[in-house]
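330 is the number that our numbering gives to position 42 of the sequence shown; each next residue is one higher, with no gaps. For each residue, glycine too, the CB sits at the ideal point set by N, CA and C.
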Amino acid sequence: MTQLSVNLNKVALLRNTRDVGVPDVLRAARIAIDAGASGITVHPRPDERHTRPSDVLDLSTFTKEAAVEFNIEGYPTMRFLELVHQVVPVQCTLVPDAPDQRTSDHGWDLETDGVRLRPIIVDLKARGIRVSLFMDPDPAIIAAAAAVGTDRVEIYTEPYARAFGTPEQAMALDACANCAGEAERAGIGVNAGHDLNLHNLPTLCQHVPGILEVSIGHALVADALELGLRETVSAYLRALASAG
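Below you can see the structure in the form of structure tokens.
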């Protein structure tokens, strides 16, 4: 079954609106893992508008003690890489975000960025960190991803999520499936993420059965406001299980 990594950025964003430490990001991580999630994801941005370096350190300690995966996403600035080197997560997902970008909205252009990314990837892998690259659902770019040495690609699923329930859904699913198939043939593992929710997740995983991991934050935290975090994580695990 595809593994679920819970992105806690929106929990941290809510906490940061007040100086009282509530909600507690570490407690949210414990609840998510206790409910059956396979890992925790954070994306510490330069402006620290949600997860902060202190959260990364706390979550690193917790995930290592709990023997679950920790995935740190981010644009590979020197500051970001220093933090990743310090905590040595299981996985580092490199994303091509500008410092002030609200959310990830495109994958890497490896024709432009591949030369710069290659030594970063080599260094991260030498430290025992699995590397994933955030990529558009385009099978034509997988060869370039393989050339820079990534272990995995995370397929950017917002185009699929936007097309879900419309006549364009089949085309968007095929793009994800073709991208995943090309990655598997190149020996690259496949993750997926962005705008996935309880409604569109099973269809994606049924059509793209090779997905190893999905990282979900915004929709999951929104659902948790109604269902509670523990029950929400369980609901997402049921959605993944229903895909077979």
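#1: Can Pro384 and Gly362 be called in contact, C-beta distance under 8 Å?
#2: Starting from Ile321, trace the alpha helix (DSSP H) both ways and give me its first and last residue.
#3: Measuring CB to CB, does Leu296 end up less than 8 Å from Ile328?
#4: Could you check if Ala325 is buried or exposed, using at least 16 other CB atoms within 10 Å of its CB as the buried criterion?
#5: Helix, strand or coil, according to DSSP, for Ser326 in the structure here?
#6: For Val372, which residues from the same chain have a beta carbon less than 6 Å from its beta carbon, with the 5 sequence-adjacent residues on both sides left out?
#7: Taking the continuous beta strand (DSSP E) assigned at Leu421, which residues delimit it?
#8: So the candidates are Ile499, Gly453, Leu486 and Gly532; which of them puts its Cα closest to the Cα of Ser522?
#9: In this structure, what does DSSP give as the bridge partners for Val502?
#10: Which residues does DSSP list as the beta-bridge partners of Asn359?
#11: Going by DSSP in three states, Arg440 sits in which element: helix, strand or coil?
#12: Here's a check: name, in chain order, each residue in its chain whose Cβ is nearer than 8 Å to the Cβ of Lys413, leaving out the five neighbours to either side.
#13: For the alpha helix (DSSP H) containing Pro447, name the first residue and the last one.
#14: Leaving aside the five residues before and after Gly416 along the sequence, list all residues of the same chain whose C-beta is less than 7 Å from its C-beta, in chain order.
#15: Using alpha carbons as the reference points, say which of Phe350, Leu492, Asn479 and Asn304 lies closest to Glu336.
#16: Does the beta-carbon of Pro455 have 16 or more other beta-carbons within 10 angstroms, so that it is buried, or is it exposed?
#17: With distance defined between alpha-carbon atoms, name the residue in Leu484, Arg526, Ile499 and Ala529 nearest to Val509.
#18: The ligand NAD and Cys493: does any heavy atom of the ligand fall closer than 7 Å to the residue's C-beta?
#19: So Ala463 packs on Pro425, CB below 8 Å; how close in whole Å?
#20: Helix, strand or coil: which one does DSSP assign to Asn488?
#21: May I ask which residues mark the beginning and end of the alpha helix (DSSP H) holding Val536?
#22: Starting from the Cα of Thr339, find the closest Cα among Thr400, Glu442, Thr349 and Lys298 and give me that residue.
Quick answer:
#1: Position 96 of the sequence shown, counted from the first residue, corresponds to residue 384. Position 74 of the sequence shown, counted from the first residue, corresponds to residue 362. Contact check for Pro384 against Gly362 fails: the beta carbons are separated by 8 Å or more.
#2: Position 33 of the sequence shown, counting from 1, holds the residue named residue 321. Per DSSP, Ile321 is one residue of the alpha helix (DSSP H) stretching across Val313 to Asp322.
#3: Position 8 of the sequence shown, counting from 1, holds the residue named residue 296. Position 40 of the sequence shown, counting from 1, holds the residue named residue 328. Between Leu296 and Ile328, the gap from beta carbon to beta carbon is short of 8 Å.
#4: On the sequence shown, residue 325 is found 37 positions in, with the first residue counted as 1. Result: buried.
#5: The count along the sequence shown starts at 1 and reaches residue 326 at position 38. Correct three-state label for Ser326: coil.
#6: Translated into positions along the sequence shown, residue 372 becomes position 84. So the list reads Ile360 and Cys380, once near-sequence residues are dropped.
#7: As a first step, residue 421 must be located in the sequence shown, where it is residue number 133. Looking at the DSSP string, the run of the beta strand (DSSP E) that includes Leu421 is Arg418 to Met423.
#8: As a working mapping, residue 522 is identified with position 234 in the sequence shown. Checked all of Ile499, Gly453, Leu486 and Gly532; the closest Cα to Ser522 is Leu486.
#9: Taking the sequence shown and counting its residues from 1, the one referred to as residue 502 is at position 214. For Val502, which the question treats as bridged, DSSP gives the partners Leu292 and Ala480.
#10: Taking the sequence shown and counting its residues from 1, the one referred to as residue 359 is at position 71. According to the DSSP secondary-structure assignment, Asn359 is paired through a beta bridge with Thr329 and Gln379.
#11: Stepping through the sequence shown from its first residue, residue 440 is reached at position 152. Three-state DSSP puts Arg440 in a strand.
#12: Here the question's residue 413 lines up with position 125 in the sequence shown. Non-local C-beta neighbours of Lys413 in its own chain, meaning closer than 8 Å and more than five positions away in sequence, comprise Val419, Gly437 and Asp439, ordered along the chain.
#13: In the sequence shown, the residue the question calls residue 447 occupies position 159. Glu446 to Ala451 is the extent of the alpha helix (DSSP H) around Pro447.
#14: For the purposes of this step, residue 416 is taken as the residue at position 128 of the sequence shown. Result list for Gly416: Val376, in chain order.
#15: One-based indexing of the sequence shown puts residue 336 at position 48. Answer by Cα proximity: Asn304.
#16: For this step, residue 455 is matched to residue 167 along the sequence shown. It is exposed - the Cβ of Pro455 has fewer than 16 other Cβ atoms within 10 Å.
#17: Numbered from 1 along the sequence shown, position 221 holds the residue referred to as residue 509. If we check each option's Cα against that of Val509, Leu484 comes out closest.
#18: The model on display carries no ligand, and the ligand NAD is accordingly not part of it.
#19: Here residue 463 is taken as the residue at index 175 of the sequence shown, counted from 1. Here residue 425 is taken as the residue at index 137 of the sequence shown, counted from 1. With a Cβ gap of about 4 Å, Ala463 and Pro425 count as contacting.
#20: Reading the sequence shown from its first residue, position 200 is the one you call residue 488. The three-state secondary structure of Asn488, taken from DSSP, is coil.
#21: Lying outside 289 to 532, the shown extent of the chain, residue 536 is not represented and no answer is given.
#22: Here residue 339 refers to the residue found at position 51 of the sequence shown. Minimum Cα distance to Thr339 is reached at Lys298.
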